[in-house]
Amino acid sequence: MSGRALVRLAARAALSAVTTGALVAAAAMPASATVLERPPRTTKGPCAYTETPDDLAVRKVPLPSDPRHTPTRPVSAVLRTNHGDIGLTLDPAKAPCTVQSFVHLIRHRFYDVTSCHRLTAYDRLKVLQCGDPSFTGEGGPGYRYKDELPTDLPPWPGDPTGVRKTYARGVLAMANAGPDTNGSQFFLVYGDSGLAPNYTVFGTVDAAGLAALDRIAAGGIQPDPDGPTPPVDGKPVLPVDIRDARVCRK
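Count along the sequence shown from 1, add 127, and you get the number used in the working numbering.
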């Protein structure tokens, strides 16, 4: 599942990416040469958060700080949406750089007043993709960071190659545009999905959140004149608005 979210002008490319098992976050067009004169800044820690001057931030945020130590305690967060709260449990022990970035973006209100731009309903890809304030599938935070890929996912049933793994219902993972291109876009799995293990898993969705995802999925996907009927990839019929995102203190 490449993080390349479905964009109206790039629908065919995104559809092709999904059918080959990728969740892509589409890259934006390169910025002007004058923006590229200064080398991109990179943090000095293990996460190596790196500016992306050719893919500018939709909403300006600073680079996150690298965690000084690998945290082990789970972090609770919530996406407050027009379909109810989607509670998240973040797992910094498995994906410290990803959780650090996600919490950083929440605290800088990057996800507030945004909409989830993509819903899929393939046999082996059932996700809601969010995290782009531009609602195009091309937007990001103006930086990227390394993958923290899962190594313990069960095999996808019926795949003789063993390449695909099961991203189970309730998984929270990062979309991307290739190796080490994580930014702000993420996906919530509402039905078991079979993907190559190229997407960082960094948490889970609670029962109330899954119920909300089920209602969103039941509403269907907006039709595409060039796509199949019923549609299997596109904007959800029921708009999904993230009113705000919060880290919950215990």
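Even glycine gets a Cβ: it sits at the ideal position worked out from N, Cα and C.
The structure displayed is predicted, hence computed values, not measured ones.
Would residue i be called buried (16 or more neighbouring beta carbons within 10 Å of its own) or exposed?
i, result
"G380", "Limits of the chain in this structure are 128 at one end and 377 at the other, which puts residue 380 out of reach."
"E265", "buried"
"R165", "exposed"
"M156", "Residue confidence is low: M156 scores 49 on pLDDT, short of 50, so the model does not pin down where it sits. Its coordinate-derived value is still stated next. With fewer than 16 Cβ atoms within 10 Å of its Cβ, M156 is classed as exposed."
"R200", "exposed"
"K187", "exposed"
"Y182", "According to the sequence as given, residue 182 is Asp; it is not Tyr. Per the 10 Å Cβ criterion, buried."
"T356", "exposed"
"P284", "exposed"
"R245", "buried"
"N303", "buried"
Look at the Cβ atom of residue i, then the Cβ atom of residue j, and state whether they are nearer than 9 Å.
i, j, result
"S228", "P191", "yes"
"L280", "T293", "yes"
"Y176", "Y326", "no"
"G267", "A152", "yes"
"Q379", "F329", "For the chain, the structure presents residues 128 to 377; residue 379 sits outside this window and is missing."
"R291", "R251", "yes"
"T288", "P324", "no"
"D368", "N209", "yes"
Once you ignore the five residues that flank residue i on each side, which residues in its own chain have a CB closer than 8 Å to its CB?
i, result
"V205", "D212, I213, G214, L215, A372, R373, C375"
"Q349", "P358, G361, K362, P363, V364"
"R97", "Lying outside 128 to 377, the shown extent of the chain, residue 97 is not represented and no answer is given."
"P282", "G289, R291, K292, T293"
I need the straight-line Cα distance from residue i to residue j, nearest angstrom please.
i, j, result
"A344", "G318", "10 Å"
"R370", "T241", "7 Å"
"L150", "R195", "30 Å"
"M301", "T331", "12 Å"
"T170", "C224", "12 Å"
"A335", "L299", "14 Å"
"T197", "P180", "28 Å"
"V254", "A248", "7 Å"
"R207", "V364", "19 Å"
"G346", "D239", "23 Å"
"K221", "R236", "24 Å"
"V316", "D333", "11 Å"
"L232", "T263", "18 Å"
"L340", "D193", "32 Å"
"D286", "A295", "15 Å"
Spatial neighbours of residue i within its chain, please: CB distance less than 7 Å, with the 5 preceding and 5 following residues excluded, ordered by chain position.
i, result
"R168", "E178, L190"
"P306", "D274"
"A202", "For the sequence presented, residue 202 should be read as Val rather than Ala. Closer than 7 Å at Cβ, skipping near neighbours: L217, P219, V226, V230, V374."
"G258", "Y238, S311, Q312, F313"
"G297", "V316, T331, V332, L337"
Residues in its own chain within less than 6 Å of residue i by CB, not counting five upstream and five downstream?
i, result
"V185", "P260, S261, G266"
"C243", "L255, C257, V367"
Between the stretch 252–271 and the stretch 306–315, can you find at least three pairs of beta-carbon atoms closer than 8 Å? Contact between the stretch 306–315 and the stretch 252–271 is present, because at least three Cβ pairs lie under 8 Å.
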